[in-house]
Amino acid sequence: MDFMLEEELMDLMTFCLQNPESSNVPEKKKRITEIGNDIFLDGGVDALENFFFALQNRITQEIEKDPSVLRSLWNGITDEWQY
5 MDFMLEEELM DLMTFCLQNP ESSNVPEKKK RITEIGNDIF LDGGVDALEN FFFALQNRIT
65 QEIEKDPSVL RSLWNGITDE WQY
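Going by my numbering, the first residue of the sequence shown is number 5, and it counts up by one from there.
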């Protein structure tokens, strides 16, 4: 299941970074937040860190954009995640 979530996050984040003006971005960001909540419930803040680290490396290499601006979408899931 982790692989499927990682791939979905990869697609969602890539879309948001490549199409920032799209009307679909709010919907995609909402889904990113939902997935972050699922990841946290399954593995805690360490799982969030691990997922984001892997995604950041992949996205940076594949489309040469930094997804760090999307980290804040997971704020509010836990007090330990503040970006």
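Cβ atoms here follow ideal geometry from the backbone N, Cα and C, with glycine treated the same way. Quick caveat, the model's predicted, so the values are computed rather than measured.
Around lysine 69, the same chain offers Leu21 as residues with beta carbons nearer than 6 Å, after the five sequence neighbours per side are excluded. Contact check between the segment 20-38 and the segment 54-62: fewer than three CB pairs, one atom from each, fall below 8 Å, which does not count as touching.
Methionine 17 is not a Cβ neighbour of isoleucine 81, given a cutoff of 7 Å. Distances from the alpha-carbon of methionine 14 to those of Glu84, Lys33, Asp83 put Lys33 closest.
Taking each of Met8, Phe19, Glu10, Glu31 in turn and checking the Cα distance to isoleucine 67, the smallest one comes out for Phe19. If you compare the alpha carbons of Trp78, Met8, Gln86 with that of phenylalanine 44, the shortest gap goes to Trp78.
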